[in-house]
Structures are given as structure tokens and as C-alpha cells.
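Everything on this sheet refers to the single structure shown next.
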Amino acid sequence: MSQLPLPIDWSERGETGSLLITAANADAIALLRDWRRWPSPATLLVGPPKSGRSLIGRLFAAESGGMLVDDADKADETALFNLWNRARDERQTLLLIAAAPPPLWAVRLPDLRTRLATAAVARIAEPDEAVTTALIAHGLERAGSAFAPGLPEFIARRVTRCYKTADKVVGALNAESLASARKLTIASARSVLGQAGLLSSEPVEGDESEGAGTGG
25 MSQLPLPIDW SERGETGSLL ITAANADAIA LLRDWRRWPS PATLLVGPPK
75 SGRSLIGRLF AAESGGMLVD DADKADETAL FNLWNRARDE RQTLLLIAAA
125 PPPLWAVRLP DLRTRLATAA VARIAEPDEA VTTALIAHGL ERAGSAFAPG
175 LPEFIARRVT RCYKTADKVV GALNAESLAS ARKLTIASAR SVLGQAGLLS
225 SEPVEGDESE GAGTGG
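Residues in the sequence shown are numbered from 25 upward in steps of one, following the numbering used here.
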């Protein structure tokens with residue numbers, strides 16, 4: 025899977041090395057980059073835990089100079105309402121980060137609910153196999169862990185496709201790489217992730233052909 029080019033104006037912010045732009049978040053990032061044309065003072069950035077939504081929000085705030093509220097779905101509603109009005113009155117941007125948009129995010133304050141209904145929604149999708157592969161490869165490479173060719177793809181076909189699982193997989197493999205001081209192979213990854221309960225027990229087509237020779 026090819027990585028989409030990082031916006032030049034986001035490439036000097038210090039944290040961008042940990043931001044992987046994929047098919048799951050590219051549309052959301054494009055909407056945030058176009059903040060000057062938002063239909064209302066605020067936009068919602070929604071996505072699953074560990075999806076990079078907080079990092080994307082920080083990069084957006086640094087670039088736009090706008091206001092940011094992480095975990096907005098857990099924030100005080102009156103404070104959010106006042107912040108929305110401030111953003112409108114001062115012609116600033118306001119990014120609200122949450123796990124889900126209304127109505128899944130239950131908003132009790134009617135005036136805030138009305139305002140949120142006018143906001144655009146930037147969505148980070150759950151990862152598919154290709155995105156899971158890219159996340160695993162990216163996480164191993166950032167930590168400097170050497171791994172066999174095809175290892176991220178092998179794992180991505182055998183784990184639950186969600187950001188939390190990908191994060192746990194990367195953590196377990198990087199810990200194994202550090203402890204063993206050896207290149208990660210399919211055999212060693214299968215052992216570590218199997219012990220951690222992260223591998224699916226379901227057989228995958230082509231499993232028998234993935235022998236020791238792939239270990240590098």
C-alpha cells in the first residue's frame with residue numbers, strides 16, 4: 025500500500041513522523057486542510073480509539089491556529105456551547121474530536137445540539153486489511169525493528185482489523201525485537217502474537233505455503 029504524500033505545510037510540525045495518511049483517514053485530513061471553507065465555525069473529527077485522531081487534531085490546530093477540544097463528547101456541554109459562540113464571534117475555527125457524531129453522541133443541551141447539526145463531519149474509518157498492513161509496517165519501522173518481507177501482510181490477514189489491535193500488535197512485536205535483538209520472522213511473530221492472544225484461530229487460505237523460508 026502506498027503512503028499518500030504528507031501535506032507540505034504539515035511536514036514541519038515535529039509530530040508528523042508518526043502520522044500515516046491512508047485510505048482510512050485521507051478524506052478527513054483533506055476536510056481539515058480546507059478549514060477556510062468550512063460551512064460553520066466548527067467541524068467534528070470522529071474516529072475509533074488509537075486511530076490518530078488526537079494527533080491529527082494537534083496538527084490541525086498548529087496549522088490553522090484554531091481551537092481544539094479532544095474528547096468533546098465527554099466535555100461540559102455549556103462550555104462547548106460557549107466555545108462555539110466564541111469561535112463564531114471571533115471568526116476562528118473550532119475542531120471537536122469525538123468517538124462518534126450526534127446522535128450517537130447524545131447531546132442534552134438543545135442549543136448545542138442545534139449548532140452541532142450544522143457542523144461538517146470528518147470521519148476516520150476503521151482499517152481494512154491494506155490499512156492494517158500499513159499501520160503494522162509503519163509502527164515497526166518507526167521503532168527501528170527489522171522484520172521479514174511480507175510480515176505485516178501476514179499479520180494483517182490474521183488479526184482483528186481495528187486500531188487498538190494494530191497498536192497492541194506493534195507493541196508486542198517491538199518488545200520482542202528489542203528483547204531478542206533479532207530480525208522479526210513470521211515464525212517468531214506467530215509465536216509472540218499467539219501467546220498474546222492476538223492472532224485469529226481461523227485458518228487463512230495460503231497458510232501452508234508460508235513456511236520457514238519467509239523468515240529472512
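In this text, a Cβ means the ideal position worked out from N, Cα and C, and glycines have one as well.
Distances from the CA of A96 to each of W129, D191, N49 were compared; the closest alpha carbon is that of W129. If only uninterrupted beta strand (DSSP E) runs of at least 3 residues are considered, those enclosed by the segment 122-162 are 144-147. Going by C-alpha positions, L197 is about 25 Å away from I80. In this structure, F84 is the residue among S201, F84, G221 with its C-alpha nearest to the C-alpha of R60.
Taking H162 as the centre and dropping the five residues before and after it, the same chain places the C-beta of L44 closer than 7 Å to its C-beta, in chain order. The continuous beta strand (DSSP E) containing T67 extends over residues 66-70. Per the C-alpha coordinates, the member of R214, P125, F105 positioned closest to P65 is F105. Apart from the 5 residues on each side of it in sequence, E153 sits with its Cβ closer than 6 Å to the Cβ of A180 in its chain, given in chain order. The residue from A170, A190, K192, A123 with its alpha-carbon nearest to that of S204 is A170. Contact between P125 and R137 does not hold, since their C-beta atoms are separated by about 11 Å, which reaches or exceeds 8 Å. By the neighbour-count criterion, in which a residue is buried when 16 or more other Cβ atoms sit within 10 angstroms of its Cβ, P176 is buried. Rounded to the nearest whole angstrom, the C-alpha separation of Y187 and T157 is 11 Å. Contact check for A123 and V70: beta-carbon distance about 7 Å, within the 8 Å limit, so the pair qualifies.
In this structure R115 is exposed. Its beta-carbon is surrounded by fewer than 16 other beta-carbon atoms within 10 angstroms.
Listed in chain order, the non-local C-beta contacts of S212 below 8 Å within the same chain comprise E200, S204, R206, G239, local neighbours out to five positions each way being set aside. Nearest C-alpha to F178 among G168, L92, T209, E150: T209. From the listed residues I160, A141, D135, L56, the smallest Cα separation to K192 is found for I160. For V93, the three-state secondary structure derived from DSSP is strand. Short of 8 Å from the beta carbon of P72, and not among the five residues preceding or following it, lie these beta carbons of its own chain, in chain order: A123, I148, E150, C186, Y187, K188. Around the beta carbon of T117, 16 or more other beta carbons sit within 10 angstroms, so the residue counts as buried. Secondary structure of L107 (DSSP, three-state): helix.
F171 has L208 as its beta-bridge partners, per DSSP.
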